[in-house]
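Engineer: Chains as they are written, first to last, in numbering that gives the first Met the number 0: chain C, 0 to 462; chain E, 0 to 403.
Where a beta carbon is used, it is the ideal one built from N, C-alpha and C, also for glycine.
Values in this document were obtained by computation on a predicted structure and should not be read as measured data.
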Amino acid sequence: MSSADTLQAFKRDGRIAIVGASLAGLRAAEALRAEGFTGSLTMIGDEVGEPYDRPPLSKQVLTGWVPAGGTTLPRRRDIDAEWLLGVPADGLDLATNHVHLADGREVPFDRVLISTGVRARPWFVESEADLDGVFVVRTREHADGLQRALAAGPSRVLVIGAGFTGSEIASICRERDIPVTVAELAPAPLVGALGAMIGEVASDMQRAHGVDLRCGVKVTHLEGDAQGHFRRAHFSDGSTIDADVAVVALGGIRNTDWLRDSGLAAGVWGIACDTGCRALTLDGLITDDIFVAGDVARCPNPIYEYRLISLEHWANAVEQAEVAAHNMVSAQADRWPHLTIPTFWSIQFGVNIKSVGVPTFADEVVVTQGSVPDHRFVAAYGYQGRVTAAVSFNNAKWLDHYRQLIETAAPFPPPCPTPDGPADAKPVPVDFPSPQLLAQGATVVVTGHDPSERRVTAAWQHR
Amino acid sequence: MTTTETPDILHQILDYSARADPYPLYAELRKTPVARQEDGSYVISTYRELTGLLHNPHLSSDVRNLSRPMPATEADTTPSFINLDPPDHDRLRRLAMRHFGPPHTPGLVDGMRPDLTAIVNGLIDDFAGKERIDIVDDFAYPFPVTVICHLLGVPREDEPRFHVWVNAIVDSLDYDPKKDPKEKLDNGVQAKEDLRQYLGGLLEQRHGRPGDDLLTRMANDDGPEGRMTDDEIVSTANLLLIAGHETTVNLITNGMLTLLRHPQVLQRLCDEPDLIVRLVEELLRYEPPVHIIPWRAAYSDITVADTTIPKGSQIMLMLASGSRDPDRFDDPDRFDPDRQDNQHLGFGSGIHLCFGGPMARLETQIALNALVRRLDRPRLVADPPPYRPSPVLRGPIHLHIEQS
Ligand SMILES: Cc1cc2nc3c(=O)[nH]c(=O)nc-3n(C[C@H](O)[C@H](O)[C@H](O)COP(=O)(O)OP(=O)(O)OC[C@H]3O[C@@H](n4cnc5c(N)ncnc54)[C@H](O)[C@@H]3O)c2cc1C
């Protein structure tokens with residue numbers, strides 16, 4: 000049988016399993032059907048219920064505007080799949096092509112897509128994490144619990160960690176007129192993702208909206224009352240604060256533990272893959288039948304020197320899912336590379352923040368358009384004299400232009416003036432905090448060249 | 000080669016004889032995506048280059064950045080935001096949007112649905128007993144004019160007065176000193192002045208008065224960013240009145256013409272009224288009301304498709320050509336309401352994306368759905384119909400139809 004015949008037979012009645020039934024998993028399943036795959040499709044997910052969207056969980060759901068159950072992902076087509084929900088996968092056998100489930104079941108496959116994403120990093124002391132009133136936000140259930148706690152009118156909310164999620168939650172608290180303290184170990188909010196200059200803007204925004212912002216301090220201890228309800232937090236500088244709700248927003252942990260013995264290049268930064276979303280083994284070999292997409296993938300990008308990049312971006316999950324699905328049912332010559340420039344958005348304190356490119360892949364940053372004090376501007380990031388990223392505050396319509404600058408490795412700082420250029424547009428060092436802090440706030444991490452690198456140690460240290 | 004001199008094609012397009020069907024000329028023009036003209040201006044005609052420029056912060060909308068002044072500048076008056084760059088553009092547009100759309104006034108356009116439907120039905124009721132109907136004069140013109148008057152707070156009875164001014168202004172948009180009488184330009188300048196005077200007069204009476212119309216709301220705005228000056232309000236009202244007038248007329252008329260040329264689509268729309276949403280998007284691609292942005296200015300040197308356009312150059316954006324670019328749209332000369340991924344340039348793109356787009360969409364959706372439902376086997380009297388002079392805001396001057 001020719002390889003074309005084999006592919007046709009596989010498309011007709013092959014077996015595909017998708018592990019992780021959320022954004023990337025669902026979109027890949029839909030794309031597989033759209034590509035004409037008519038074989039059996041098994042969706043494996045440890046959450047119960049329909050796949051849903053996460054960005055609203057720290058935004059519209061917490062204002063109470065959208066119920067936590069109301070973010071179900073729209074279906075673009077019927078995927079005719081067998082759904083195995085509520086049980087996690089706990090192993091992958093590459094020798095026999097089976098997914099093992101925690102309840103002992105085994106799911107055989109010809110090809111598998113891994114899209115197990117990220118989970119919230121919990122508070123480091125389990126007994127304190129279990130106190131009533133202590134939350135993380137990754138799932139629908141988390142957001143529902145936090146929404147109720149906010150609706151109950153807490154005397155104060157403590158947000159631990161001022162990355163995007165923490166900052167968004169602080170913003171919602173202010174919108175709901177709830178007193179809020181934000182604790183961040185780095186010198187400012189969002190520095191891990193966007194650097195010191197933007198961090199300063201973020202600090203201004205928070206303070207102007209009445210956030211009690213405390214940077215450069217560590218929360219050391221969460222104290223509960225006799226009923227097991229969180230009441231007070233202790234800081235590394237000896238101070239304390241009374242609050243009834245604590246939101247732990249210390250970033251995510253990639254769901255790769257279940258692959259520990261699989262032989263895949265899976266680690267704290269995710270699973271290494273090629274631009275075609277094919278997983279790599281620990282030896283750096285490309286697998287033929289194992290694909291990866293979404294937050295759990297770690298993918299090279301030529302624009303960023305082929306370094307492996309880990310993203311926690313909605314659009315990336317969608318695009319990778321489509322590329323992975325296409326490649327799962329295509330011959331070598333028809334395969335697509337995933338080379339899109341990353342984009343990310345956030346809404347906080349009435350400001351629409353959007354980025355394109357990889358801001359952490361930069362040594363300098365310069366404001367190119369608009370006015371920083373007015374919180375309406377675009378800043379470009381540069382690495383060794385070329386543009387590698389841009390971020391906009393309430394100015395997103397320009398970002399397509401910066402995407403082009405990134406794609407063409409345009410010189411940094413951009414030389415030509417614009418009508419709305421600030422008078423003193425001088426590049427400044429981008430100034431990211433140490434790698435340890437970086438990993439907590441950033442939604443995109445540049446992880447190095449070596450796909451099987453396991454020396455990278457968990458970046459998180461408790462605060 | 001991206002830069003060659005192709006003045007012939009552009010002049011053919013601008014010539015009235017091309018009005019009924021400029022599309023083959025656009026195809027010709029697209030062979031040179033960035034075409035330098037004899038007078039040093041640049042004509043851009045391909046989708047990729049157009050969208051790139053529309054998102055390029057070095058492209059200025061302010062004529063004061065042209066190295067050679069335009070024949071008809073507004074230098075002595077306050078430009079409206081369509082002719083300004085950030086930050087002034089952004090501030091004025093934001094202050095106007097406060098009263099028109101989200102986030103501060105989210106329900107306005109949709110809330111006008113019943114009114115729009117009533118106006119449309121009233122106009123169609125008046126067709127009764129007429130053998131021959133002019134879709135322009137009897138319908139597509141009075142409808143949006145009534146709407147924009149109501150929205151702005153301009154008395155509908157004054158229409159005969161400002162109709163003359165608006166016509167003169169639109170006429171002067173493509174003034175060419177080489178071939179047009181100076182009078183055409185002077186009329187436009189005078190009409191602008193008259194319209195400003197008129198709107199200024201209306202505005203004076205609105206200060207301190209309650210009211211829901213845009214003029215009154217802009218005059219009494221007490222938002223966090225403060226209020227526009229009276230000059231700025233007049234400029235904004237001026238812009239909205241002209242744009243609300245001249246573009247939707249063409250969109251609706253082009254829509255009816257296109258449907259009459261595609262009877263199967265017309266029949267489908269009768270059976271599936273929901274098709275109208277995608278159909279209007281396709282119309283905006285296929286027969287848009289605005290064909291050309293006649294000038295923008297290079298604020299600094301801009302490189303497009305390997306051509307460097309020097310600072311101060313005039314740039315002409317051929318939007319309607321971009322929306323028919325085969326490199327972007329499959330089978331672009333086919334009218335296909337089922338088209339997917341239809342990111343047309345009918346409303347432009349970037350920060351100057353049509354302010355009234357949501358209103359124009361809704362007006363056209365309601366208008367076309369009502370027309371196809373209530374007309375009885377309509378037939379075109381002449382195809383092509385006679386066109387207005389303007390190559391910029393292009394559309395029939397009359398569209399006569401007969402029904403059974
Ligand atoms: C609160 C919040 C706000 C966000 N806001 C934005 C934003 O504004 N902009 C933006 O670009 N991005 C945002 N994101 C990120 C975006 O939601 C993610 O990029 C996206 O969800 C990634 O999709 P995914 O399918 O790869 O992973 P996930 O959505 O994490 O899905 C992975 C799924 O796999 C399941 N799973 C894990 N392990 C196993 C296992 N062993 N067996 C079976 N199933 C398993 C998980 O339970 C989960 O259902 C936000 C995320 C959160 C949490």
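Thinking C-beta only, is C:Thr387 closer than 8 Å to C:Ile405?
Structural biologist: Residue 405 of chain C sits at position 406 when you count from the first residue of the first sequence. Residue 387 of chain C sits at position 388 when you count from the first residue of the first sequence. Yes, they are a contact pair.
Engineer: Could you tell me which of C:Ala324, C:Asp423 and C:Thr342 sits nearest to C:Ser370, measuring between CA atoms?
Structural biologist: Translated into the one-based positions of the first sequence, residue 370 of chain C becomes position 371. The shortest C-alpha separation from C:Ser370 is found at C:Asp423.
Engineer: So, does the CB of C:Gln226 fall closer than 8 Å to a CB anywhere in chain E?
Structural biologist: Sequence index remark: in the first sequence, residue 226 of chain C carries index 227 (1-based). Interface with chain E (8 Å Cβ-Cβ cutoff): C:Gln226 is excluded.
Engineer: Report yes if the C-beta distance between C:Phe134 and C:Leu145 is below 8 Å; otherwise report no.
Structural biologist: The residue you call residue 134 of chain C lines up with position 135 of the first sequence. The residue you call residue 145 of chain C lines up with position 146 of the first sequence. Closer than 8 Å, so yes.
Engineer: Would you say E:Ala19 reaches chain C, if we count a Cβ-Cβ gap shorter than 8 Å as a contact?
Structural biologist: Counting from one through the second sequence, the residue named residue 19 of chain E turns up at place 20. Cβ-Cβ to chain C under 8 Å: no for E:Ala19.
Engineer: Along the chain, where does the beta strand (DSSP E) containing C:Ile15 start, and where does it finish?
Structural biologist: Within the first sequence, residue 15 of chain C is the residue found at index 16, counting from 1. Arg14 to Val18 is the span of the beta strand (DSSP E), which, as asked, contains C:Ile15.
Engineer: Give, in chain order, every unbroken run of the beta strand (DSSP E) that is at least 3 residues long and sits entirely within the region 2–88 of chain C.
Structural biologist: 14–18, 39–44 and 81–84
Engineer: Tell me the rounded alpha-carbon separation between C:Ala142 and C:Leu279.
Structural biologist: Taking the first sequence and counting its residues from 1, one reaches residue 142 of chain C at position 143. Taking the first sequence and counting its residues from 1, one reaches residue 279 of chain C at position 280. Approximately 35 Å between the Cα atoms of the pair.
Engineer: Between the C-alpha atoms of C:Gly198 and C:Ala185, what's the straight-line distance to the nearest angstrom?
Structural biologist: Translated into positions along the first sequence, residue 198 of chain C becomes position 199. Translated into positions along the first sequence, residue 185 of chain C becomes position 186. C-alpha separation (whole angstroms): 10 Å.
Engineer: In three-state terms, what does DSSP make of C:Cys276?
Structural biologist: Here residue 276 of chain C corresponds to residue number 277 of the first sequence, with the count starting at 1. Three-state DSSP puts C:Cys276 in coil, outside helix and strand.
Engineer: Does the beta carbon of E:Leu202 fall short of 7 Å from some heavy atom of ligand 3?
Structural biologist: Among the ligands modelled here, namely ligand 1, ligand 3 does not occur.
Engineer: DSSP on E:Met404, reduced to helix/strand/coil?
Structural biologist: Nothing about residue 404 of chain E can be reported from this structure: the residues present for chain E run from 0 to 403 only.
Engineer: Note down, in chain order, every chain C residue with its Cβ under 7 Å from the Cβ of E:Ile350.
Structural biologist: The sequence position of residue 350 of chain E within the second sequence is 351, counting from 1. Here the neighbours are Lys396.
Engineer: Helix, strand or coil: how does DSSP classify E:His10 here?
Structural biologist: Here residue 10 of chain E refers to the residue found at position 11 of the second sequence. Note: E:His10 maps to helix in three-state DSSP.
Engineer: For E:Pro85, which option in E:Val371, E:Pro357, E:Gly349 and E:Asn368 has the closest C-alpha, if you only look at C-alpha atoms?
Structural biologist: The sequence position of residue 85 of chain E within the second sequence is 86, counting from 1. Nearest C-alpha to E:Pro85: E:Gly349.
Engineer: For C:Gln368, which option in C:Phe360, C:Ala361, C:Tyr380 and C:Pro358 has the closest C-alpha, if you only look at C-alpha atoms?
Structural biologist: Stepping through the first sequence from its first residue, residue 368 of chain C is reached at position 369. The shortest Cα separation from C:Gln368 among C:Phe360, C:Ala361, C:Tyr380 and C:Pro358 belongs to C:Tyr380.
Engineer: Would the beta-carbon of E:Val289 fall within 8 Å of that of E:Leu318?
Structural biologist: Looking up residue 289 of chain E in the second sequence gives position 290. Looking up residue 318 of chain E in the second sequence gives position 319. Yes; because the gap between Cβ atoms is below 8 Å, this pair is in contact.
Engineer: Would you kindly report the start and end of the unbroken beta strand (DSSP E) that includes E:Ile43?
Structural biologist: Your numbering for residue 43 of chain E matches position 44 in the second sequence. Where E:Ile43 is concerned, the enclosing beta strand (DSSP E) stretches over Tyr41 to Ile43.
Engineer: Shorter than 8 Å from the beta carbon of C:His400 to some beta carbon of chain E?
Structural biologist: By one-based count along the first sequence, residue 400 of chain C stands at place 401. For C:His400, the answer is yes, since a Cβ of chain E falls inside 8 Å of its Cβ.
Engineer: Using a Cβ-Cβ cut-off of 8 Å, state whether E:His54 counts as contacting chain C.
Structural biologist: Stepping through the second sequence from its first residue, residue 54 of chain E is reached at position 55. Yes, contact with chain C.
Engineer: Got a sec, what are the start and stop residues for the beta strand (DSSP E) C:Arg139 sits in?
Structural biologist: If you number the first sequence from 1, residue 139 of chain C lands on position 140. Per DSSP, C:Arg139 belongs to no beta strand (DSSP E); it is in the alpha helix (DSSP H), Arg139 to Ala150.
Engineer: Would C:Ala323 and C:Cys276 be called neighbours here (beta carbons separated by less than 8 Å)?
Structural biologist: Sequence index remark: in the first sequence, residue 323 of chain C carries index 324 (1-based). Sequence index remark: in the first sequence, residue 276 of chain C carries index 277 (1-based). Yes, these two residues count as a Cβ contact at 8 Å.
Engineer: Quick one: using the 10 Å Cβ neighbour count with 16 as the cut-off for buried, is C:Tyr401 buried or exposed?
Structural biologist: Locating residue 401 of chain C in the first sequence gives position 402, where the first residue counts as 1. C:Tyr401 is buried by the Cβ-count criterion.
Engineer: If we count the other Cβ atoms within 10 Å of its Cβ and call it buried at 16 or more, is C:Trp64 buried or exposed?
Structural biologist: By one-based count along the first sequence, residue 64 of chain C stands at place 65. It counts as exposed.
Engineer: Which two residues bound the contiguous alpha helix (DSSP H) that contains C:Ala388?
Structural biologist: In the first sequence, the residue the question calls residue 388 of chain C occupies position 389. Per DSSP, C:Ala388 belongs to no alpha helix (DSSP H); it is in the beta strand (DSSP E), Arg385 to Phe392.
Engineer: Does the pairing of the region 275–286 of chain E with the region 336–348 of chain E give three or more beta-carbon distances under 8 Å?
Structural biologist: yes
Engineer: Measuring only between beta-carbons, confirm whether C:Thr417 sits less than 8 Å from chain E.
Structural biologist: Here residue 417 of chain C corresponds to residue number 418 of the first sequence, with the count starting at 1. Taking Cβ atoms only, chain E reaches closer than 8 Å to C:Thr417, which makes this a yes.
Engineer: On the premise that E:Leu283 lies in contact with E:Thr257, defined as a C-beta separation below 8 Å, what is that separation, rounded to the nearest angstrom?
Structural biologist: Here residue 257 of chain E refers to the residue found at position 258 of the second sequence. Here residue 283 of chain E refers to the residue found at position 284 of the second sequence. About 11 Å separates the CB atoms of E:Thr257 and E:Leu283; that is not less than 8 Å, and the two are not in contact.
Engineer: Are the Cβ atoms of E:Pro390 and E:Ile8 separated by less than 8 Å?
Structural biologist: As a first step, residue 390 of chain E must be located in the second sequence, where it is residue number 391. As a first step, residue 8 of chain E must be located in the second sequence, where it is residue number 9. Cβ atoms of E:Pro390 and E:Ile8: not closer than 8 Å.
Engineer: Between C:Val98 and C:Ile43, is the Cβ-Cβ spacing less than 8 Å?
Structural biologist: On the first sequence, position 99 is the one that residue 98 of chain C refers to. On the first sequence, position 44 is the one that residue 43 of chain C refers to. Taking 8 Å as the Cβ cut-off, C:Val98 and C:Ile43 qualify as a contacting pair.
Engineer: Is the beta carbon of C:Trp313 within less than 7 Å of some heavy atom of ligand 1?
Structural biologist: Locating residue 313 of chain C in the first sequence gives position 314, where the first residue counts as 1. Answer for C:Trp313: yes, Cβ within range of ligand 1.
Engineer: Quick check: the Cα distance between C:Val355 and E:Gly51, rounded to an integer number of angstroms?
Structural biologist: The sequence position of residue 355 of chain C within the first sequence is 356, counting from 1. The sequence position of residue 51 of chain E within the second sequence is 52, counting from 1. Those two C-alpha atoms are separated by around 16 Å.
Engineer: Is there a C-beta anywhere in chain E that falls below 8 Å from the one on C:Gly369?
Structural biologist: Residue 369 of chain C sits at position 370 when you count from the first residue of the first sequence. Yes - at least one Cβ of chain E is within 8 Å of the one on C:Gly369.
Engineer: Relative to ligand 1, is the shortest distance from any of its heavy atoms to the C-beta of C:Asp102 smaller than 7 Å?
Structural biologist: For the purposes of this step, residue 102 of chain C is taken as the residue at position 103 of the first sequence. Incorrect: C:Asp102 has no Cβ contact closer than 7 Å to ligand 1.
Engineer: Mind checking whether the beta-carbon of C:Asp260 lies closer than 7 Å to any heavy atom of ligand 1?
Structural biologist: Sequence index remark: in the first sequence, residue 260 of chain C carries index 261 (1-based). It does not: the Cβ of C:Asp260 is nowhere closer than 7 Å to a heavy atom of ligand 1.
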